[in-house]
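In the working numbering, the protein residues as written are 214 to 409.
In what follows, a single structure is set out as structure tokens and then discussed.
Now the structure itself:
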């Protein structure tokens, strides 16, 4: 009986002793208890937690969702962090990219305007009647649009009938209509400037 009591006592001591030295789940992952509670509160899967920890990303940083502020996807942000970039360097890189893109667009529009002189003059050439509609001059606008539409209808009908491209309406009607629209716009805009 004595041997039984000693064995029972040793078994109880061993189980309580081994339980006290078994690491908590957050200790096993190298997290604080606060971080562990954040993981549980936000229902982050363990696979994601392990991915974040292997990438060197702090749980509290991840929960702030910094990728949303800079317009990146979560996966892209994690891959940049895994590559060794800090959140600040990722943000600075995005800002630099946006500046580069906006300056590129600005330069492109500048080139377009210098190529065509002005955007409205260019559009008056390519879209007969468009600038006239914008200037509230309905009669010439309707005439120019009607001529352009009729030339396209005649070109299409002739091409279908002949089973090959019929260019005569384009050169005989559309091109003179485009030139008329451009000249009309230039004359009208010069008159406006001279009245000022």
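Glycine included, C-beta positions come from ideal geometry on N, C-alpha and C.
I need the DSSP call for residue 258, collapsed to helix, strand or coil.
Here residue 258 refers to the residue found at position 45 when the chain shown is read from its first residue. Residue 258: coil per DSSP, three-state reduction.
Determine, using beta carbons only, whether residue 387 and residue 361 come nearer to each other than 8 Å.
Mapped onto the chain shown, residue 387 falls at position 174. Mapped onto the chain shown, residue 361 falls at position 148. Yes, the pair counts as a contact, with Cβ atoms nearer than the cut-off.
Thinking just about the alpha-carbon of each residue, which of 242, 251 and 255 is nearest to the one in residue 264?
Taking the first residue of the chain shown as 1, we reach residue 264 at position 51. Considering only alpha carbons, the answer is 242.
How many Å lie between residue 255 and residue 287 at the Cα?
Taking the first residue of the chain shown as 1, we reach residue 255 at position 42. Taking the first residue of the chain shown as 1, we reach residue 287 at position 74. Cα-Cα distance, rounded: 16 Å.
Residues near residue 337 by beta carbon distance below 6 Å, same chain, minus five either side
Mapped onto the chain shown, residue 337 falls at position 124. Excluding residues within five positions, the ones whose Cβ falls inside 6 Å are 344, 394, 395 and 398.
From residue 364 to residue 376, what distance separates their C-alpha atoms?
By 1-based counting over the chain shown, the position of residue 364 is 151. By 1-based counting over the chain shown, the position of residue 376 is 163. Approximately 17 Å between the Cα atoms of the pair.
Closer than 6 Å by C-beta to residue 391: which residues in its own chain qualify, once you throw out the five before and the five after it? Chain order, please.
Position 178 of the chain shown holds residue 391. So the qualifying residues of the chain are 338 and 341.
Output yes or no for whether 8 Å exceeds the beta carbon distance between residue 257 and residue 270.
Against the chain shown, residue 257 aligns to sequence position 44. Against the chain shown, residue 270 aligns to sequence position 57. Cβ atoms of residue 257 and residue 270: not closer than 8 Å.
Please look up how many angstroms separate the CB atoms of residue 382 and residue 368, rounded, as I've assumed it's under 8 Å.
Here residue 382 corresponds to residue number 169 of the chain shown, with the count starting at 1. Here residue 368 corresponds to residue number 155 of the chain shown, with the count starting at 1. The Cβ separation is near 4 Å, so the contact holds.
Note down the Cα distance separating residue 272 from residue 294, rounded to an integer number of angstroms.
Within the chain shown, numbered from 1, the residue matching residue 272 stands at position 59. Within the chain shown, numbered from 1, the residue matching residue 294 stands at position 81. Cα to Cα, the separation comes out at about 13 Å.
What residue does the alpha helix (DSSP H) around residue 279 start on, and which one ends it?
Within the chain shown, the letter at position 66 stands for residue 279. 279-283 is the extent of the alpha helix (DSSP H) around residue 279.
To the nearest whole angstrom, what separates the beta carbons of residue 251 and residue 276, a pair I think is in contact under 8 Å?
Counting from 1 along the chain shown, the entry for residue 251 is found at position 38. Counting from 1 along the chain shown, the entry for residue 276 is found at position 63. Indeed, because the Cβ distance is near 6 Å, the residues count as touching under 8 Å.
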